[in-house]
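Counting the sequence shown from 1 gives a position; the working numbering is that position plus 583.
Glycine residues also receive a C-beta, built at the ideal position from the N, C-alpha and C atoms.
None of these values were measured; they are calculated from a predicted model.
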Amino acid sequence: MAATPAPAVPTIALNNGVEIPQLGFGVYQIPPDQTAEATRTALDIGYRHIDTAQMYGNEAEVGQAVRESGIDRSEIFVTSKLNNNRLERDDILRSFDQGLSDMGFDYLDLFLIHWPLPAASDYVARWKALEEIYASGRAKAIGVSNFQPHHLRNLFGASDVRPAVNQVEIHPFLVQDELRAFDADHEIVTEAWSPIGQGQVLGDPVISRIAQQLGRSPAQVTLRWHIQRGDVIFPKSSSKDRMAENFALFDFELDQEQMTAITALDRAGRIGPDPDQFNWIPS
Ligand code: NAD
584 MAATPAPAVP TIALNNGVEI PQLGFGVYQI PPDQTAEATR TALDIGYRHI
634 DTAQMYGNEA EVGQAVRESG IDRSEIFVTS KLNNNRLERD DILRSFDQGL
684 SDMGFDYLDL FLIHWPLPAA SDYVARWKAL EEIYASGRAK AIGVSNFQPH
734 HLRNLFGASD VRPAVNQVEI HPFLVQDELR AFDADHEIVT EAWSPIGQGQ
784 VLGDPVISRI AQQLGRSPAQ VTLRWHIQRG DVIFPKSSSK DRMAENFALF
834 DFELDQEQMT AITALDRAGR IGPDPDQFNW IPS
């Protein structure tokens, strides 16, 4: 008997019509010398969306894995993000071009401002440089990361292109429902970084109970909660088994009680920096 094909990953339409796979693979903290192998494994499993950044130092290795995969470039969605130390227009355009060249691509699917750096930078001016990149066609979509509603409002008043996504920390201990509603009201898709709280939520008794009820792992239950809320996610793992586990999310569902119980775990449990306080610029 032929094996049943795995259910397809759904896509979400961004505000310019570009489709983004709702589940991807994140490569933060994967050392460059392991990134090509990890990305290759993710592509073999079926992932078609990779999330990297200039600050992760592994754009080139992501590009290498995509190019060598034999999969058509148009079938893989690749995101990168602007390094916090690229503050001036010319430097931003140069670093974007360098990233493309390192990856061996002629375009990125999505390019983001990584952090607003409110006390250290003019993020509206940086956004205008991203608008130039977008107008040139070398990024199919542009967006932001770690922006609060008041940062976004400042962009709306001063720019032509509405961000397609806002990538922020979200997991059951930091559910960010107000920010998600603000994004949705402004046709911005919310992406959830650290979707399993870097592992911190997996031992929670409520998540463990639901995992037992469903015969799924705590990571799968947490990732499925995101999928049903409509978040775009890209969990990170270097282990093939966990990558496969994190990809198997489309043949089960949480019921309303289970969804509500996980959302109720919210406790302002930020793992990463507060975007209003974070102004770190690497040398
Ligand atoms: P994550 O929530 O994806 O957790 C990763 C950790 O969980 C790793 O230690 C991994 O070994 C472990 N893990 C993964 N799958 C597991 C499983 N099935 N069972 C048990 N443990 C498992 O955290 P993350 O890596 O911080 O976030 C995911 C991605 O989000 C990153 O790779 C990056 O692409 C992005 N990100 C963006 C920002 C930003 O500022 N924009 C910040 C952090 C992360």
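The alpha carbon of A724 has as its nearest neighbour, out of T805, Q731 and D692, the alpha carbon of D692. Cα atoms of P858 and Q841: separation of roughly 30 angstroms, rounded to the nearest angstrom. Under the 10 Å beta carbon count, W808 is surrounded by 16 or more other beta carbons and is classified as buried. Here H733 is exposed. Its C-beta has fewer than 16 other C-beta atoms within 10 Å. For G600 and E658, the gap between their C-alpha atoms comes out near 16 angstroms. No residue range can be given for L700, since it is assigned to no alpha helix (DSSP H) and is classified by DSSP as neither H nor E. Secondary structure at L738: helix, using DSSP grouped into helix, strand and coil.
Under a 10 Å Cβ-count criterion, P699 is classified as buried, with 16 or more other Cβ atoms of the shown protein chains found around its own Cβ.
For the 8 angstroms CB-CB criterion, M686 and V748 do not form a contact. The C-beta separation of I816 from P778 comes to about 4 angstroms, placing the pair in contact by the 8 angstroms criterion. The residues P755, V784, P801, V804, T805, I845 and L848, in chain order, have a CB closer than 8 angstroms to that of I790 in the same chain once the five nearest residues on each side in sequence are set aside.
Its Cα nearest to that of E602, the residue H632 stands out among G609, P614 and H632. Collapsing the DSSP output to three states places Q750 in a strand.
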